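Remember, the working numbering sits 709 above the position in the sequence shown when you count from 1.
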Amino acid sequence: MEKPHMRQILKKAGADLVGFSNCREYFPEYTTAVTIGVSALQIYRLQRTDTIQAMNEIMDFLNLQARQMFSEEDYGSWGTLFSQEEFSRLQNFTPHRELAIKAGLGVLGKNFLLITPEYGPRVQLTTVLTTMPLLPDSPLDFDPCKNCDICVQECPTNA
Numbered sequence: 710m711e712k713p714h715m716r717q718i719l720k721k722a723g724a725d726l727v728g729f730s731n732c733r734e735y736f737p738e739y740t741t742a743v744t745i746g747v748s749a750l751q752i753y754r755l756q757r758t759d760t761i762q763a764m765n766e767i768m769d770f771l772n773l774q775a776r777q778m779f780s781e782e783d784y785g786s787w788g789t790l791f792s793q794e795e796f797s798r799l800q801n802f803t804p805h806r807e808l809a810i811k812a813g814l815g816v817l818g819k820n821f822l823l824i825t826p827e828y829g830p831r832v833q834l835t836t837v838l839t840t841m842p843l844l845p846d847s848p849l850d851f852d853p854c855k856n857c858d859i860c861v862q863e864c865p866t867n868a
């Protein structure tokens, strides 16, 4: 299965952002990280009051969808489910933000959050690690935060 088809499947399932990066520097046992982003606006469209639970359900569903794709291609994969209570090395140390930046989903903002061109900082991330070798996406070649200080000016604590 090719990246455009994977991206299409995940977006049809509810992902707003999908990026691929090399993850060997963090997890030598895997080759590729698929970072999936969902806009916080999706929760408002659902009109649910339990927003955290609703977002967790969306993220778990997308994580499992990606893992299923790799399983069908006979590749190993692993991803954190938000609903899991047990923690492992991978759950505690999956650098979602850094992998998203490497995958071209956004940049590191002055507020140290991932800033995406489409949704600003209002995204939730999940990452699936896989043994399937896929070419990584390129990081963004521009920085929307470079000449902008809106978050600095609006910060209530004057950070």
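Note that beta-carbon positions come from the ideal geometry of N, C-alpha and C, so glycine has one too. Quick caveat: nothing in here was measured; it's all calculated off a predicted structure.
- Excluding five sequence positions before and after leucine 771, the CB atoms of its chain that fall closer than 8 Å to its own CB belong to Leu719, Ala722, Gly723, Ala724, Ile745, Val747 and Thr835, given in chain order.
- Contact between valine 816 and aspartate 852 holds: their C-beta atoms lie close to 5 Å from each other, under 8 Å.
- Asparagine 772 sits in a helix when the DSSP states are folded into three classes.
- The beta-bridge partner set that DSSP reports for threonine 839 consists of Thr741 and Ser786.
- Ranked by Cα distance from serine 847, the first of Thr825, Gly813, Ser780 and Lys855 is Gly813.
- It is roughly 23 Å from the alpha-carbon of leucine 823 to the alpha-carbon of serine 792.
- Three or more beta-carbon pairs drawn from the segment 827-845 and the segment 778-786 are found closer than 8 Å, and the two stretches are therefore classed as touching.
- Burial check for lysine 811: the Cβ neighbour count within 10 Å reaches 16 or more, so the residue is buried.
- Taking a 10 Å sphere around the C-beta of methionine 768, we find 16 or more other C-beta atoms and assign the residue as buried.
- In this chain, the beta strand (DSSP E) harbouring leucine 726 covers 726-731.
- Listed as beta-bridge partners of glycine 746 by DSSP are Leu726 and Leu834.
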